[in-house]
Amino acid sequence: IKHVNLDDDVIISGANLTKDYFTNRQDRYMLMSGCRALADFCAGLITRLCSVSLRLSDEGELVPRLPHLHPTLAPPGQYEKHARDIVWGYYQHALRKSSGQLKPGDDTWVFPLLQLPPLMVLQDSSVTQSILESVDPHTTIQLASPYFNLPENYISSFIHKCQSTFNILIPHPTANDFFGARGFAGQIPWLYRALTGQFLHTVRSTGQDKRFCVAEYTRPGSSYHCKGVWLTAQDEEAPYLTIVGSSNFNHRSVKRDLECQMVVVTNNPSLRSSLREETQRLYRHGVMFTQDVALRPDRKPKLWHNVFLWLFKGYF
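So that you can map any letter, position 254 of the sequence shown is 254 in the numbering used here, and since no number is skipped, the others follow by simple counting.
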């Protein structure tokens, strides 16, 4: 969950705000200015999450807010119910409070989504899947992920229930932020490359390869951590919907991590133009990656890569 509150302004991002993100790592940032209700919601969400998180004591120890509700030591289900009641209860209250606040002339709608798998809140993945399944077949879907490993429900949905064209942008292994790392971490970019090859094989085996185009972000001196979705209607050039936030749309984001995203739907010409410029800036650095490329001797994954992913794919 990555956002910054500044009075009535909110910056939604997927960035971790470490040094690389301010120098040479590509990510997304969306400033929502003058949105008091959204700023209050985000501040309240963080407050609730903090209230059910471990606290770092002055002695450097992690201690629970309530002694009897330690996330890992409390009786099974007790902490989860408590945390869900607080966080999801807050979200539902905020949703009811905002109902009917649209005014004549409003041209942009922002809807927060939460994904809290440990608390059995799977709203973000459910809504994302529903949006992409329901769009017009002639809609162009652009999807970006720095760690491309779609879960099975997304793959099945995109192949069998969605008829739109997908333009997918992922990092080239050299643009992955683990590239050049020591030890096993240095193999992570190539594991994601293997996962992409598996996805392309699945797409081709179902006869859907013409609908899916995968490109690798390649920009000398830069790494890539950008994630999001953009929808563009037939015969139009600018997106009318984007999803921005922390999710990578992969196994880990859907099944394990706490995520917060914003669905932004707009008919504001200036905002749509900005979204178009954003996608153009990103995709102009993309180089096509096909299954034929994935099977080239210099690109083909090692045997142990495939064995490792067979065992641990759900952690990526």
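Backbone N, C-alpha and C fix where the C-beta goes; we use that ideal spot for every residue, glycine too.
Close beta carbons around residue i, own chain, < 8 angstroms, minus the five adjacent residues each side
i	result
residue 255	117, 151, 314
residue 62	54, 55, 56
residue 305	187, 190, 191, 194
residue 164	132, 135, 136, 137, 138, 139, 140, 141, 211
residue 7	39
Nearest residue (CA-CA) to residue i, options the options
i	options	result
residue 122	260, 203, 178, 217	260
residue 209	67, 105, 158, 68	158
residue 87	113, 72, 48	48
residue 180	221, 278, 281, 262	221
residue 245	237, 235, 257, 234	257
residue 21	69, 240, 223, 238	223
residue 243	235, 226, 270, 236	226
residue 204	302, 172, 177, 160	160
residue 282	29, 163, 136	29
residue 201	58, 290, 60, 309	290
residue 241	272, 247, 248	272
residue 263	110, 275, 183, 279	110
residue 93	154, 316, 40, 60	40
residue 46	35, 149, 83, 33	83
Cut-off 7 angstroms between Cβ atoms - residues of its own chain near residue i, not counting five sequence neighbours on either side
i	result
residue 98	37
residue 286	169, 215, 216, 217
residue 91	114
residue 301	190, 193, 194, 197
Close-in-space but distant-in-sequence residues of the same chain around residue i (CB under 6 angstroms, 5 per side omitted)
i	result
residue 42	3, 5, 10
residue 127	113
residue 234	138
residue 178	185, 188, 189
One or two residues paired with residue i in a DSSP bridge
i	result
residue 12	3, 30
residue 252	According to DSSP, which records beta bridges pairwise, residue 252 is partnered with nothing at all.
residue 245	261
Residue-chain proximity (residue i, chain C), Cβ-Cβ < 8 angstroms
i	result
residue 307	Here there is only one protein chain, and chain C is not present.
#### Entry: Complete runs of the alpha helix (DSSP H) confined to the region 146-229 [at least 4 residues]
Correct list: 152-156, 188-205.
### Segments assigned alpha helix (DSSP H), at least 4 residues, entirely inside the region 255-304
Within the region 255-304, the runs of alpha helix (DSSP H) that reach at least 4 residues and sit entirely inside it are, in chain order, 269-283, 291-294.
### Message
Taking 8 angstroms as the cut-off, does the region 159-177 touch the region 209-223 (at least 3 CB pairs, one atom from each stretch)?
### Response
Yes: the two stretches touch, three or more of their Cβ pairs being nearer than 8 angstroms.
### Task
For the region 128-145 and the region 62-82, state whether three or more C-beta atom pairs, one from each stretch, are separated by less than 8 angstroms.
No, they do not touch.
### Contained alpha helix (DSSP H) runs [length at least 4] in the region 39-118, N- to C-terminal order
Correct list: 78-98.
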